[in-house]
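Residue numbers (my numbering): 216 to 591.
Some notes on the structure that comes next.
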């Protein structure tokens, strides 16, 4: 994997660049649609390419390990071939999923024992096995195994969790160095900065991660319930330490406003289930603001879903028709809303790239943010 920094905004820490993997060229800032189990819910791979033009999507180690399982994925020749996707894939290591199973897990220096949400069976993820699993999945970018701390948590817990994450990182790095890609393309390994909302821990973790010299670095454990201001404060601390010549990936974030604010703080990569999950529930993101299509006000609104036309569905269907589909529980409604939201998110980061390149990012950001958070 290669990263080239192309432009820097003079009035903020925003950056425009390009990541090159063996599968695709990824313009940054970038938003990665979430394809947890080898599928972006309700969206065909053909639509991801032709209509949304996503250069990279995200898969999840925990879910793919449990179903369909490693034997099937390896037999298919890796996830790219299994799902017929010839662009880049990033896999989350499963740390967040294990975090979400707090009642059914046990953490040790060895790794994390957990119970499957599917059948209750017991499994152990170690930092080494998580690398091996991601080798079998075959993602272009693979993540270190970490513990995502809950919010709120006290300083003692956050410190112990961070120490465990760093121990796991060392083991994961060794395993990654001792193994090779199985399918003929290169893979890059990203460590993850943790530390909850404690600036001293975030600083310690960022320094630890920066010294690893990895191809890129991730920032985890944010957008888990803390106020947005605390998230931005932690990003400022971390990005002042992480190397400038490597991409920075903020995991699991967020709203359009979150993304623009994080870009201004020096973040390059994002993923979040919000465009698809919220879309399935009738929430649409637009330049003018947020639409809850379930509201009665849209019942007889026959105007296009979005006249800006980020995606063909925006002008092909009306708000009234989409509302009817969502209210009726029709699958097509969820698909249309997901396509619109993903196309909007990809437009937003591409627009940010252009504004950074033009030297107008900060002015543009301050102009558009008030509208993006308005409820229509």
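C-beta atoms are modelled at their ideal positions from N, C-alpha and C, and glycine is treated no differently.
All values derive from a computational prediction rather than experimental measurement.
query: Residue from 324, 579, 221 whose Cα sits closest to the Cα of residue 385; result: 324
query: Environment of residue 462 [buried if 16+ CB atoms lie within 10 Å]; result: buried
query: Status (buried if at least 16 other CB within 10 Å, exposed otherwise) for residue 490; result: buried
query: For residue 242, the residue or residues it bridges with in DSSP; result: 233
query: Segment contact, 8 Å Cβ cut-off, at least three pairs: the segment 386 to 397 with the segment 490 to 510; result: no
query: Own chain residues within Cβ distance below 6 Å of residue 593, not counting five before or after; result: With the chain running from 216 to 591 in the structure shown, residue 593 is simply not present.
query: Bridge partners - residue 590, DSSP secondary structure assignment; result: 505
query: Three-way DSSP call (helix, strand, coil) for residue 552 in this model; result: helix
query: Rounded separation between residue 422 and residue 376 - CA only; result: 16 Å
query: Bridge-paired residues (DSSP) for residue 449; result: Answer is none; residue 449 lacks a bridge partner.
query: Selected residue, minimal CA-CA separation from residue 559, among 591, 269, 383, 234; result: 269
query: C-beta atoms of residue 547 and residue 557 nearer than 8 Å; result: no
query: 3-residue-minimum beta strand (DSSP E) runs that sit fully inside the segment 322 to 362, ordered along the chain; result: 327 to 330, 337 to 340, 356 to 358
query: Contacting residues, own chain, Cβ-Cβ under 6 Å from residue 480 (five flanking each side not counted); result: 228, 450, 451, 454
query: Assigned secondary structure, residue 493 (DSSP; H/G/I helix, E/B strand, else coil); result: helix
query: Three or more C-beta pairs below 8 Å linking the segment 297 to 312 and the segment 232 to 243; result: yes
query: Stretch pair the segment 392 to 412 + the segment 423 to 434: three plus CB contacts closer than 8 Å; result: yes
query: Rounded C-alpha distance that separates residue 295 from residue 515; result: 43 Å
query: DSSP three-state assignment for residue 425, whether helix, strand or coil; result: helix
query: Beta-carbon proximity list for residue 536, same chain, < 7 Å, skipping 5 on both sides; result: none
query: Own chain, CB closer than 7 Å to residue 470, minus 5 neighbours either side, in chain order; result: 489
query: Through-space distance from residue 508 to residue 257, alpha-carbon basis; result: 18 Å
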